[in-house]
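As structure tokens, the structure follows; a few thoughts come after it.
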Amino acid sequence: MVNKEQQDEVNLAGQSRSQNKKNNTYKEQKGKIFIKKVILENFLSFQKDEVNFGNAKFVIIVGPNWSGKTSVFQAIKFVLGSNERDDRYTKWSSFIRDGQNHAMVEIHIQHNEDLIQIRRFVIRGQSPFYKIKRKNDTEFRKIQANEIQKEIMDLNINPDNQFAFVSQGKIDSIKNLKPFE
């Protein structure tokens, strides 16, 4: 697990604009966007844990084997709406900690003055669902997956961007890419 001394910085998007797929136009994103923290509950090996990134702009998670680095990586992608799963997790319920019936990941994203909190839940036997809370909201409200995808896209975040979210073992393949690739 990452401790304060190991935390560097996180840059979320890895891109400066988002593409509107319908009409192939781009919307320039103004301001700063970064992950402040991630809360994991019954997610993989975590019972209840919080990873604080503060105001960091770029983070590299390091630690010994089996310390939870990949779990934090999977949690961030999961809560941001990625439907990609590592080969170890063949179904959504695979993310639920052994002996539990649900898992939840919450992410706090700072976008200029707005703090956006997104929760994604998975309950055994059910499809995952989302809740969101913005700066001026008093409580979380349930939101559809397509609405979360739009929110995330509006922030220029693509959780499946292999250059922004580089998983264990992918560094060498990216490092060895040719300029035209």
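Each residue of the sequence shown is one higher than the last, beginning at 18 in my numbering.
Built from N, CA and C at the ideal position, the CB exists for glycine as well.
Item                                                                                                    : Value
When 162, 140, 164 and 134 are compared against residue 153, the one with the closest alpha-carbon      : 134
Residue 73 (DSSP reduced to helix, strand or coil)                                                      : coil
Length of the line joining the Cα atoms of residue 93 and residue 167                                   : 17 Å
Residue environment, residue 75, which counts as buried when at least 16 other CB atoms sit within 10 Å : exposed
Residues bridged to residue 58 [DSSP beta-bridge criterion]                                             : 65 and 121
For residue 139, the residue or residues it bridges with in DSSP                                        : 120
Per-residue burial, residue 77 [other beta carbons within 10 Å of its own, 16 or more giving buried]    : exposed
Same chain, Cβ closer than 6 Å to residue 129, five either side skipped, listed in chain order          : 48
Residue burial classification, residue 194 (beta-carbon count within 10 angstroms, cutoff 16)           : exposed
Coarse secondary structure for residue 171, derived from DSSP in three states                           : helix
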